[in-house]
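Quick note, this note's numbering runs 386 ahead of the 1-based positions in the sequence shown. Here's the structure we're looking at; comments come further down.
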Amino acid sequence: MPHKTPTPHHQQQGSEQHGQEQEQPVTWCHIKGRHRDTVIPAAKCPEALWNPGRPGLLCHLDDACISNPCHKGALCDTNPLNGQYICTCPQGYKGADCTEDVDECAMANSNPCEHAGKCVNTDGSFHCECLKGYGGPRCEMDINECHSDPCQNDATCLDKIGGFTCLCMPGFKGVHCELEINECQSNPCVNNGQCVDKVNRFQCLCPPGFTGPVCQIDIDDCSSTPCLNGAKCIDHPNGYECQCATGHNCQVNIDECASNPCLNQGTCFDDVSGYTCHCVLPYTGQWRLEEKEATLLLQSVGLSFSIAES
Ligand SMILES: [Ca+2]
Ligand SMILES: [Ca+2]
Ligand SMILES: [Ca+2]
387 MPHKTPTPHH QQQGSEQHGQ EQEQPVTWCH IKGRHRDTVI PAAKCPEALW
437 NPGRPGLLCH LDDACISNPC HKGALCDTNP LNGQYICTCP QGYKGADCTE
487 DVDECAMANS NPCEHAGKCV NTDGSFHCEC LKGYGGPRCE MDINECHSDP
537 CQNDATCLDK IGGFTCLCMP GFKGVHCELE INECQSNPCV NNGQCVDKVN
587 RFQCLCPPGF TGPVCQIDID DCSSTPCLNG AKCIDHPNGY ECQCATGHNC
637 QVNIDECASN PCLNQGTCFD DVSGYTCHCV LPYTGQWRLE EKEATLLLQS
687 VGLSFSIAES
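Pasting the structure below:
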């Protein structure tokens, strides 16, 4: 028998069980596989040579993996030609028995950390210390700083590298648009108007006599022509002035006859802003009086006259 297999691959059994029917001890061939073992009678080992999954595997070699020569996590195989173990290392380790750490940070091709992250080698692995604004195992991720909704008052958040920018709605300011702008800051109301701050605008509360968005319009108090008797109206804030001698609205008629302006015994008749002289004949006059009326007028000033019959 050319295929002599050592223990534990070499198993003998059945001599007692099968007694006389099985006098010859059966030799088993233990084929060590990558993931599972296969046990076949040693007599059939040559057939294993033709097993497509195990080409070249000979049954006469020792199982080099029995002593667990490979570092934890590695896969062990027995070299089918020379019986040496072959360790297939897990990621992060190298060497014949996978005990050497791979320095991923020193690999010639490139830094495994993206976006200029700092690579830190560890036993069996590595990690990345990311610059501000980046995350993920390899700093491959741009952290969304807008995720926490940092902008207030319906502002729009723009994600940036390591930060954010808030686009404020009109009337607001501040990094988070948390400040309501005081549109009254510049004192826009004139003529002692009171400014009331609103969102993105202001309102002027005008004193009496003024109007307009910033109280800039002096209301024309003369527009209703309040001055009587032809007096001139002068507009003032919340009021007017009538240019007349007496009386607020010139309702008092001045007696222009008080100075006796009519000569030659003419009779003075007071008028609005003036007077009229009624003359005594033979002086010319504006009015022809009835005899009785003229007599009364003249008597009142101590005179008498006679009217020629026409
Ligand atoms: Ca490492
Ligand atoms: Ca970002
Ligand atoms: Ca405001």
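For glycine and all other residues, C-beta sits at the position ideal for the given N, C-alpha and C.
With 16 other Cβ atoms within 10 Å as the buried cut-off, status of residue i
i             : result
aspartate 489 : exposed
histidine 533 : exposed
lysine 618    : exposed
glycine 548   : exposed
aspartate 641 : exposed
valine 666    : buried
aspartate 463 : buried
glycine 579   : buried
aspartate 509 : exposed
proline 441   : Legend: pLDDT at proline 441 = 35, less than 50; position of this residue unreliable, no value from coordinates given.
glycine 616   : exposed
Alpha-carbon to alpha-carbon, residue j and residue i
i              : j              : result
histidine 457  : glutamine 470  : 15 Å
glycine 521    : methionine 527 : 5 Å
isoleucine 732 : glutamate 627  : For residue 732 there is no data in the structure shown, the boundaries of the chain being 387 and 696.
lysine 480     : cysteine 516   : 27 Å
glutamate 566  : serine 496     : 50 Å
arginine 587   : leucine 614    : 44 Å
serine 610     : glutamine 589  : 28 Å
cysteine 581   : histidine 562  : 26 Å
glutamine 672  : serine 645     : Per-residue confidence for glutamine 672 stands at a pLDDT of 43, beneath the threshold of 50, marking its modelled position as unreliable; the derived number appears in the next sentence. Their Cα atoms are separated by approximately 20 Å.
histidine 513  : valine 506     : 5 Å
glutamate 622  : proline 612    : Glutamate is not the amino acid found at residue 622; the sequence shown has histidine there. Distance between the alpha carbons of histidine 622 and proline 612 is about 13 Å.
aspartate 583  : glycine 560    : 18 Å
leucine 553    : asparagine 568 : 18 Å
leucine 443    : alanine 450    : Because leucine 443 sits at a pLDDT of 49, beneath the cut-off of 50, its placement in the model cannot be relied upon, and the point is left open.
proline 455    : leucine 467    : 18 Å
Close Cβ partners of residue i (< 6 Å) along its chain, the five nearest in sequence each way excluded
i              : result
asparagine 465 : Ile472
cysteine 475   : Ala460, Cys484
glutamine 585  : The amino acid occupying residue 585 in the given sequence is valine; glutamine does not appear at that position. Counting only Cβ-Cβ distances below 6 Å, and skipping sequence neighbours, we find Gly557.
asparagine 624 : Pro594, Gly595
lysine 504     : Glu515
serine 511     : Gly478
aspartate 607  : Asp621, Gly625, Tyr626
proline 564    : The amino acid occupying residue 564 in the given sequence is glutamate; proline does not appear at that position. Counting only Cβ-Cβ distances below 6 Å, and skipping sequence neighbours, we find Gln538.
alanine 494    : none
Cross-strand partners of residue i (DSSP beta bridge)
i              : result
glutamate 566  : Phe558
leucine 461    : Thr474
histidine 533  : Answer by DSSP bridge pairing: none, since histidine 533 is not bridged.
asparagine 582 : Correcting the residue type first, residue 582 is valine in the shown sequence and not asparagine. The partner list for valine 582 (beta bridge, DSSP) reads Gln589.
glycine 521    : Met527
serine 511     : Thr508
glutamate 627  : Ile620
cysteine 543   : Cys552
isoleucine 603 : Thr597
threonine 485  : Per DSSP, none; premise fails for threonine 485.
aspartate 657  : Gly660
Presumed contact (8 Å Cβ cut-off) between residue i and residue j, rounded CB distance
i              : j             : result
asparagine 573 : cysteine 592  : Wrong, their Cβ atoms sit about 14 Å apart, outside the cutoff.
cysteine 575   : valine 600    : 5 Å
cysteine 525   : histidine 501 : 5 Å
cysteine 648   : cysteine 663  : 4 Å
Own chain partners of residue i with C-beta closer than 8 Å, once the 5 adjacent residues on each side are dropped
i              : result
asparagine 530 : Asp545
cysteine 643   : Cys654, Phe655, Asp656, Tyr661
aspartate 535  : Cys543
glutamate 486  : Tyr479, Lys480
proline 732    : Shown here, the chain extends from 387 to 696; a query on residue 732 therefore has no answer.
7 Å Cβ shell around residue i - same chain, five flanking residues per side excluded
i             : result
threonine 597 : Ile603, Ile605
aspartate 540 : Met555
lysine 518    : Gly548
alanine 482   : Cys473
threonine 551 : Leu544
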